[in-house]
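Structure first, then comments.
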Amino acid sequence: MRDVMWTDKTGRKHISTIRDNDDDSIAKRGIPKDPPNIDSILDACKVPLHNALVEHGLLSYNDVMAAQNALTNLVNGLIKREILLAYKLREGGMDE
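Residue numbers (the working numbering): 1497 to 1592.
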């Protein structure tokens, strides 16, 4: 068995496992090894991100420009938390 990277019609890359003697062209029919669905991760961040922007007073372009590190940390923290949660949920583990 071997892994093959391929790109779907929407431009998203995937990795699928296929048999050693299979042609790469059948990768989309192989066993998928994708990360969790990114759409659900981004959807889960919408309300918490909005609320955090309000709570941190990042309400205008000038606010954001004056607090770029705060914005970066806020966004990275929220997205990282949701990504980790999505992997844990998919793999059946919820212990810290």
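Positions of the beta carbon are idealized from the N, C-alpha and C atoms, including for glycine.
Model, not experiment: these values are computed from the prediction.
Here residue 1522 is exposed. Its C-beta has fewer than 16 other C-beta atoms within 10 Å.
In this model, residue 1545 and residue 1504 are separated by some 30 angstroms (Cα to Cα). Rounded to whole angstroms, the separation of the alpha carbons of residue 1551 and residue 1525 is 46 angstroms. C-alpha of residue 1541 to C-alpha of residue 1562: approximately 23 angstroms in a straight line. Residue 1519 and residue 1554 have their alpha carbons spaced roughly 52 angstroms apart. If you check the CB distance, residue 1529 and residue 1499 come in under 8 angstroms. Annotation for residue 1510: the continuous beta strand (DSSP E) segment containing it runs 1509-1514.
The beta carbon of residue 1510 sits closer than 6 angstroms to those of 1502, 1530, all from its chain and outside the five residues before and after it, given in chain order.
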